[in-house]
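Novice: Quick one: structure below, then a few questions.
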Amino acid sequence: MKETVSPRIEQAVKLAKEAHEGQFRKTGEPYIVHPLAVKKILEEWHMDEDTIIAGILHDTVEDTKLTLDDIRKEFGESVSFLVDGVTKISTARTGMRDIDTYLPETKDNFLRLMIALGDDIRVLIIKLADRLHNLRTLSALPPDKQRKIAKETLEVFAPLADRLNMGRLRVEMSDLAFKYVDKKRFDYLKDLIEKHNKSAEKTLKKIEQEVGEALKKEKIKFSLSGRVKSAYSLHKKLAKHNQNMGEIYDLTALRVIVDDITDCYLTLGVVHALYTPMGGRIKDYIAMPKQNGYQSLHTTVITKDKKVVEFQIRTKEMHEFAEHGLAASFYYNEQKVTENYKKGKIEHLPTNLLWITELQMTAAKLREGKKVDLKKLKLNLFADKIFVYTPKGDIIDLPDGALPLDFAYRLHSEIGDHVIGVKINGKMSNLNKKLEQGDIVEILTSKNQTPKSSWLEKIFTSHARQKLNRTLNNARSNRQPSSRSRRKKDKKK
Ligand code: MN
Numbered sequence: 001m002k003e004t005v006s007p008r009i010e011q012a013v014k015l016a017k018e019a020h021e022g023q024f025r026k027t028g029e030p031y032i033v034h035p036l037a038v039k040k041i042l043e044e045w046h047m048d049e050d051t052i053i054a055g056i057l058h059d060t061v062e063d064t065k066l067t068l069d070d071i072r073k074e075f076g077e078s079v080s081f082l083v084d085g086v087t088k089i090s091t092a093r094t095g096m097r098d099i100d101t102y103l104p105e106t107k108d109n110f111l112r113l114m115i116a117l118g119d120d121i122r123v124l125i126i127k128l129a130d131r132l133h134n135l136r137t138l139s140a141l142p143p144d145k146q147r148k149i150a151k152e153t154l155e156v157f158a159p160l161a162d163r164l165n166m167g168r169l170r171v172e173m174s175d176l177a178f179k180y181v182d183k184k185r186f187d188y189l190k191d192l193i194e195k196h197n198k199s200a201e202k203t204l205k206k207i208e209q210e211v212g213e214a215l216k217k218e219k220i221k222f223s224l225s226g227r228v229k230s231a232y233s234l235h236k237k238l239a240k241h242n243q244n245m246g247e248i249y250d251l252t253a254l255r256v257i258v259d260d261i262t263d264c265y266l267t268l269g270v271v272h273a274l275y276t277p278m279g280g281r282i283k284d285y286i287a288m289p290k291q292n293g294y295q296s297l298h299t300t301v302i303t304k305d306k307k308v309v310e311f312q313i314r315t316k317e318m319h320e321f322a323e324h325g326l327a328a329s330f331y332y333n334e335q336k337v338t339e340n341y342k343k344g345k346i347e348h349l350p351t352n353l354l355w356i357t358e359l360q361m362t363a364a365k366l367r368e369g370k371k372v373d374l375k376k377l378k379l380n381l382f383a384d385k386i387f388v389y390t391p392k393g394d395i396i397d398l399p400d401g402a403l404p405l406d407f408a409y410r411l412h413s414e415i416g417d418h419v420i421g422v423k424i425n426g427k428m429s430n431l432n433k434k435l436e437q438g439d440i441v442e443i444l445t446s447k448n449q450t451p452k453s454s455w456l457e458k459i460f461t462s463h464a465r466q467k468l469n470r471t472l473n474n475a476r477s478n479r480q481p482s483s484r485s486r487r488k489k490d491k492k493k
């Protein structure tokens, strides 16, 4: 790798050092350690110079005497624009200093956030680098803040990394965060994965050898490596399959990286000639890429000694893109993409990231004061999820379509069981009201309230339905065939 020392980057480091002089992080280290770590992450992602400089300076405007004007004079419009974007996101957050949680409490703030992101997607990349380093050093914070940041990471940042096809970032972020959200579960799954890997070691070696020989015979150039499954993705998969380990087929996976697309399909043939493919588990993400642009061939096979192994076959470019996503496309099209950003043109983004274009056009409309279907905009970012808030600013994610009782049961079944009403954005509302993105939801409860079976019609999530049903069943079985229920029966007659 060529090491060019850029005088502009050196100047930015010098300026940031001076500006953060005397400030310290919760870890006890001088503050400058953080912007320098963000710089390093952005360099690893091969981001352009302006983005790296903005990364170095990302906390200066908010936390030091340095102003946007200073930055503009020294580094130009583009850098100051990026720093401004990152700062805007920070000020839109819920006002807890030191906590790097920016999720806004109100729709207005959400709008500001979207506009900041929509202007230049590089703002988001700096924010992701910032969050990654904060996660890596999360142990220095008190437990409640750890949990909050970790949760927000799993709910917002990791899915965003996924939307940008930044696979490596998604895995690192979600495992770091998962550890703080549910340490027991994390340890359990991590241990399970390690044990599994140990027991699969021999099988894998043998397969690597067999596949390697066969590929050499076909004169296909390749590199082979094992893929380690992340604890969080296993956790999510198990949840989808009713905790049934027998249905997880990709615990052992091998990655084959070859030169071109033809070799990908040839390799698939070689693998299927050696082992028995499992029906319905061949996926051609090359012909049909995932929504985030991910490309690869996947197949699950059963080996001669009855072991289940997944193969992922792809080219180097596909691999690079699967690991670094949007950042990789900056690397490959650096000139083109950054130049076009400066000119306000965005058509040179890779087609698989066109949703970003959509986001930017929406932001432009908002700036012009035009009406925009906000719901549509957010669906693009968070698929079918909505984020609502407690009056204290805790973020609760729910599927789109959720109702107040879903929210109440998500907080706690004790709260769900005693609901007497709901305030949405400060106004009394009713239990049939569908929750919207960004709503602030306050549940009113009373000790004397008991759950009604009619509530089942006012529930959207299976989670809340389960909890309500449990309470209803308990109430039924605890109740003696009382005079009251007998009287009811009599009435029916
Ligand atoms: Mn920061």
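According to the working numbering, the sequence shown is numbered sequentially starting from 1.
Idealized CB from N, CA, C, for every residue including glycine.
(1) Could you check the C-alpha separation between V171 and T252 for me, to the nearest Å?
(2) Confirm the yes/no value for this check: CB of D84, any heavy atom of ligand 1, distance under 6 Å.
(3) Under the DSSP definition of a beta bridge, which residues are partnered with R255?
(4) Okay, do the segment 398-408 and the segment 432-441 touch, 3+ Cβ pairs below 8 Å being the bar?
(5) For D284, list the residues DSSP reports as bridge partners.
(6) Hey, would you say the C-beta of D59 is under 6 Å away from at least one heavy atom of ligand 1?
(7) Which of helix, strand or coil does DSSP assign to V271?
(8) Distance check for K306 and N425, CA to CA, integer angstroms please.
(9) Give a single yes or no on whether D63 has its beta carbon closer than 6 Å to a heavy atom of ligand 1.
(10) Taking 8 Å as the limit between beta carbons, can you name the residues of its chain near A322, skipping five residues before and five after?
(11) Any Cβ of chain B within less than 7 Å of the Cβ of V171?
(12) Name the one or two DSSP bridge partners that F24 has.
(13) Shorter than 6 Å, the distance from the beta carbon of D130 to the closest heavy atom of ligand 1, or not?
(14) So which of D284, Q146, Y389, L42 has the shortest CA-CA distance to L128?
(15) Suppose contacts are defined by Cβ-Cβ distances below 7 Å. Is T390 in contact with H418 by that definition?
(16) Assuming D424 is part of the beta strand (DSSP E), what are its boundary residues?
(17) Taking C-beta to C-beta, are V258 and F222 nearer than 7 Å?
(18) Take the Cβ of T153 as the centre, count every other Cβ of all protein chains shown within 10 Å, and call the residue buried at 16 or more, exposed below.
(19) How should I420 be labelled, buried or exposed, when 16 other C-beta atoms within 10 angstroms of its C-beta is the threshold for buried?
(20) Return the CA-CA distance between D187 and A239, expressed in angstroms with no decimal places.
(21) Let's test the definition: count the other Cβ atoms within 10 Å of the Cβ of P143 and tell me whether it reaches 16, buried, or not, exposed.
Specialist: From the atom records:
(1) 16 Å
(2) no
(3) S225, Q312
(4) yes
(5) L297
(6) The answer is yes for D59.
(7) helix
(8) 57 Å
(9) no
(10) N165, G167, Y294, Q295, S296, R314
(11) Given the protein chain composition of this structure (a single chain), no chain B is represented.
(12) P30
(13) yes
(14) Looking at the Cα atoms, L42 is the closest of the given residues.
(15) No, the pair does not count as a contact, with Cβ atoms beyond the cut-off.
(16) Correcting the residue type first, residue 424 is Ile in the shown sequence and not Asp. From DSSP, the beta strand (DSSP E) with I424 extends over 419-424.
(17) yes
(18) buried
(19) Classification for I420: exposed.
(20) 17 Å
(21) exposed
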